[in-house]
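Going by my numbering, the letters in the sequence shown line up with residues 7 to 85, in that order.
In what follows, a structure is listed as structure tokens, so that the remarks can point back to it.
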Amino acid sequence: MISITLSWFVCLYLALFLTGILILWIGYEIIRKRHSKAIAQNRVFCRICGSRYTDTTTAELLHCPACGSLNERSTQEGF
Ligand SMILES: [Zn+2]
7 MISITLSWFV CLYLALFLTG ILILWIGYEI IRKRHSKAIA QNRVFCRICG SRYTDTTTAE
67 LLHCPACGSL NERSTQEGF
């Protein structure tokens, strides 16, 4: 049997616990970035009337529901 002192046991336990949290954190951040990128691609900002709307179609030019003008899909994030 492997003999281990209490301090080594605590160090190993903490290292495994923190490694697990780090792996979960990285996975969560990857999923969150993919999700926010997908949402940002569906947001459209009308340059004529200034309204913001979402569109889930794949068309490049989108009609604004407020003024009817054509808008390009925005590539900016965070608005
Ligand atoms: Zn508009």
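Beta carbons: idealized from backbone N, C-alpha and C, even for Gly.
Given the structure is predicted, the values throughout are model-derived calculations rather than measurements.
Check whether residue i and residue j have beta carbons under 9 Å apart
| i | j | result |
| --- | --- | --- |
| Asp61 | Arg40 | no |
| Tyr59 | Ala46 | no |
Chain-order list of residues whose beta-carbon lies under 7 Å from that of residue i (same chain, five-residue window excluded)
| i | result |
| --- | --- |
| His69 | Leu76 |
| Ser57 | Cys70 and Ala72 |
beta-carbon residue i near ligand 1 non-hydrogen atom, thresh 8 Å
| i | result |
| --- | --- |
| Ile54 | yes |
| Asn48 | no |
| Ser57 | yes |
| Ser75 | yes |
Near ligand 2: residue i beta-carbon under 8 Å from a heavy atom
| i | result |
| --- | --- |
| Ala72 | Inclusion of ligand 2 in the displayed structure is not the case, the ligand content consisting of ligand 1 alone. |
Under the three-state DSSP convention, the category residue i falls into
| i | result |
| --- | --- |
| Arg38 | helix |
Cβ shell of residue i (< 8 Å), same chain only, five flanking positions each side left out
| i | result |
| --- | --- |
| Arg38 | none |
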